[in-house]
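See below for the structure under consideration.
Number of protein chains: 2
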Amino acid sequence: MDLATRIAAGQGGFVLFALTPPRQSTPAERLPEIARATVERLDHLDLDGLILYDIDDESSRNPAERPFPFSPTVDPSTYRAEHFGSWRTPVIVYRAVGKYQPEGLRTWIAEQDPRSTLTVMVGAASSGATPPLSLADAQALRAEANPDLLLGGVAIPERHRRRENEHLRLIAKQEAGCRFFVTQVVYDVNAAKNLVSDYRYACEERGTAPVPIVFTFSVCGSMKTLEFLRWLGVDVPRWIENDLRHATNPLRASLEQSAATAAELVEFCRRLDVPFGLNVESVSIRREEIEASVELAARLGAQLRVSPDAR
Amino acid sequence: MDLATRIAAGQGGFVLFALTPPRQSTPAERLPEIARATVERLDHLDLDGLILYDIDDESSRNPAERPFPFSPTVDPSTYRAEHFGSWRTPVIVYRAVGKYQPEGLRTWIAEQDPRSTLTVMVGAASSGATPPLSLADAQALRAEANPDLLLGGVAIPERHRRRENEHLRLIAKQEAGCRFFVTQVVYDVNAAKNLVSDYRYACEERGTAPVPIVFTFSVCGSMKTLEFLRWLGVDVPRWIENDLRHATNPLRASLEQSAATAAELVEFCRRLDVPFGLNVESVSIRREEIEASVELAARLGAQLRVSPDAR
Chain A
1 MDLATRIAAG QGGFVLFALT PPRQSTPAER LPEIARATVE RLDHLDLDGL
51 ILYDIDDESS RNPAERPFPF SPTVDPSTYR AEHFGSWRTP VIVYRAVGKY
101 QPEGLRTWIA EQDPRSTLTV MVGAASSGAT PPLSLADAQA LRAEANPDLL
151 LGGVAIPERH RRRENEHLRL IAKQEAGCRF FVTQVVYDVN AAKNLVSDYR
201 YACEERGTAP VPIVFTFSVC GSMKTLEFLR WLGVDVPRWI ENDLRHATNP
251 LRASLEQSAA TAAELVEFCR RLDVPFGLNV ESVSIRREEI EASVELAARL
301 GAQLRVSPDA R
Chain B
1 MDLATRIAAG QGGFVLFALT PPRQSTPAER LPEIARATVE RLDHLDLDGL
51 ILYDIDDESS RNPAERPFPF SPTVDPSTYR AEHFGSWRTP VIVYRAVGKY
101 QPEGLRTWIA EQDPRSTLTV MVGAASSGAT PPLSLADAQA LRAEANPDLL
151 LGGVAIPERH RRRENEHLRL IAKQEAGCRF FVTQVVYDVN AAKNLVSDYR
201 YACEERGTAP VPIVFTFSVC GSMKTLEFLR WLGVDVPRWI ENDLRHATNP
251 LRASLEQSAA TAAELVEFCR RLDVPFGLNV ESVSIRREEI EASVELAARL
301 GAQLRVSPDA R
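Keeping their order, the protein sequence lines are chains A and B.
For the first sequence, the residue numbers in our numbering are 1 to 311.
For the second sequence, the residue numbers in our numbering are 1 to 311.
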């Protein structure tokens, strides 16, 4: 069953891989080869779909200096249309809604084929900014302009640990049309289990079926990657930082930890009967980190297929 | 190699089981049968040793109402001497040092056979109280009165998450004579890994060899047990609370989670070359929780023996 059909049916059991498109400053003639290298790396993985992120300058969210300077990236929908023609499974295209004018976003939504495209809408980074389009407006546009286009939302276990209401935010997003959720990178297995558990029982209370939660994992093999993940709001544990300073193979350790966390979440979601997907985010441009991401995705895929009773 | 020899050599790879002696209010004639039932339950586990806790009224530490009323328990050393004659491996007897007069504690220390007894000294619960004997005084007594008696200290990963200096406290305790550490119950695998990692690299910096860290696990199968663990300072995750309210077999889920956490810590310690032991604490008087504790200890023991390259 393909990704869109599964999600439309409220079912999980899929594996995704998430990429950020190249920077806009990349010479145009290099884009085809970058995309081709990506497709070659991912082709044998039998992925159920890709995620393409839409990067906004989030400096308004975080007063700390950005570890990598912000550099606008190629629009994910354009990148996909121009360079991923050979890709065979659906693509989840992110939309940082604060970047768009209502008419432009409406046109984009209306043009998408819901069998091959899904979208995740992300609100503006800071509540201080007043973007032309709020997340609620954008969600309403989707319902109006292309109701079959499957909509997802973001889920942040760390926020649940601090505020304990992320499960209610998920339910509100579900009422606004979300049919799946994608987490930010998970390192804290208990924070993720707490969110899943609270969400599941809140759904039960309301007589609502839980929708698939896609857990995102990443490897972290360099201090730059660690700093970037932390800047994004991920609680990367201190032992990983120590590993990076001292251990002979921190990348391998991070890969093993992500696989162990995923295994625990898979077992937990199955027990609680919450549909789920697994996603590997490639956050680095270093070759060895990219290759470790691909290996992680292969392992997660093998794990799901060994016991394919996932909802 | 027996427990005392291993610890004296700075080696881990052992499995323990921890008990709190019965309440003093227990009719004296029932103590032999309680102890016999315990020995029968544990005998087949091939444990490397037992831990017997010394309970102090910790109400001074925590202003919240105690979920179980405090009730003094039988002295662990007396309980062991009178009822564990048939037990064949060493016993780690806790000493809540705030309860004792210097002379009484010195006598007890001097009388112990270091081949069959080890001790963990615990400081007074609240810094507000002024006990007759401080932890430092008690540690000095041990060094003086029976320097071969192996001394351990407590390690609290949750405290490390809040204050980030628990590894330095361990090193200070080590300088005061501690040859091993026992954690409180671990649910947060990242907090435990952070502590191990910080401790290991701080040892390296000082040219000190790390001593065995004994990780404690428990099952939690009832709201009473959950409340008690939280009162003791353990961060029991919210998903376990939800399980207890809703799931058909929360005790089983808690057992699986403890086993998964242990497996991850075993792998981590081996990679970092930090010696470790595993301990299962039975915190409940409910039969099914006790039996699940025994099962957990059996599984942890089997796991260590399958790959006995543990230091």
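A virtual CB, placed ideally from N, CA and C, is assigned to each residue, including glycine.
These numbers were taken from a predicted model, which means no experiment stands behind them.
For the stretch 172-190 of chain B, the residues whose beta carbon sits under 8 Å from a beta carbon of chain A are, in order, Tyr-187, Asp-188, Val-189, Asn-190. When secondary structure is reduced to three states using DSSP, Asn-190/A falls in the helix class. For the stretch 193-213 of chain B, the set of positions with a beta-carbon nearer than 9 Å to some beta-carbon of chain A reads Lys-193, Asn-194, Leu-195, Val-196, Ser-197, Asp-198, Arg-200, Tyr-201, Glu-204 in chain order. Put simply, the CB of His-167/B is far from chain A, with every gap to its CB atoms at 8 Å or more.
Arg-245/A sits in a helix when the DSSP states are folded into three classes.
Think of a sphere of 8 Å around the beta carbon of Pro-237/B: the chain A residues whose beta carbon falls inside it are Asn-190, Lys-193, Asn-194, in chain order. Counting along the chain, no beta strand (DSSP E) covers Gly-233/B, and no H or E run does either.
Assignment of beta-bridge partners to Thr-73/B by DSSP yields Arg-23/B.
The C-alpha of Val-185/B is placed about 18 Å away from the C-alpha of Gly-13/B. Chain-order list of chain A residues neighbouring Arg-271/B: Ala-253, by C-beta distance under 7 Å. Val-306/B sits away from Leu-296/B, with the two beta carbons spaced by 8 Å or more. Counting C-beta pairs with one atom in each stretch, the stretch 26-46 of chain A and the stretch 144-155 of chain A have fewer than three that are closer than 8 Å, which means they do not touch. At a cut-off of 8 Å between C-beta atoms, Ala-262/A does not count as an interface residue with respect to chain B.
DSSP places Tyr-100/B in the coil class of the three-state scheme, outside both helix and strand. Secondary structure at Glu-164/A: coil, using DSSP grouped into helix, strand and coil.
Taking the CA atoms as reference points, Val-196/A sits about 28 Å from Ile-290/B.
The C-alpha of Pro-275/A is placed about 27 Å away from the C-alpha of Cys-220/A. Between the C-alpha atoms of Thr-248/B and Leu-272/A there is a straight-line separation of about 10 Å.
Residue environment analysis places Asp-148/B among the exposed positions, since fewer than 16 neighbouring C-beta atoms fall within 10 angstroms of its C-beta. A straight line joining the alpha-carbon of Pro-237/A with that of Thr-261/B spans about 15 Å. In this structure, the CA atom of Asn-190/B is about 19 Å from the CA atom of Thr-183/A. Here Pro-250/B has Cys-220, Gly-221, Ile-240, Asp-243, Leu-244 as same chain residues with Cβ atoms under 8 Å from its own Cβ, once five neighbours each way along the sequence are excluded. Looking at the backbone, the Cα of Gly-233/A and that of Ser-282/A are separated by about 16 Å. The C-beta distance from Val-91/A to Gly-123/A rounds to 21 Å, too long to fall under 8 Å, and the pair is not in contact. Note that the stretch 162-177 of chain B does not touch the stretch 209-220 of chain A; fewer than 3 beta-carbon pairs, one per stretch, sit closer than 8 Å.
A Cβ-Cβ contact shorter than 8 Å links Tyr-94/B with Val-120/B. For Arg-115/A, the closest of Ser-134/A, Glu-33/A, Asp-57/A, Met-1/A by C-alpha to C-alpha distance is Met-1/A. Close CB contacts of Arg-200/A within its chain, under the 8 Å cut and outside five residues either way in sequence, are with Pro-210, Leu-272, Asp-273, Val-274 (chain order).
Close partners of Asn-279/A in chain B (Cβ separation under 9 Å) are lacking, with about 20 Å as the shortest Cβ gap.
The beta carbon of Asn-146/B does not come within 8 Å of any beta carbon belonging to chain A, so the residue lies off that interface. Judged by their CB atoms, Leu-105/B and Leu-135/B are not nearer to each other than the 8 Å cut-off.
Per DSSP, the beta-bridge partners of Gly-153/A are Phe-181/A. Chain-ordered, the chain B residues with CB closer than 7 Å to the CB of His-246/A read Tyr-201. Note: Tyr-94/A is bridge-paired with Val-120/A in the DSSP secondary-structure output.
DSSP places Phe-268/A inside the alpha helix (DSSP H), whose first and last residues are 250-272.
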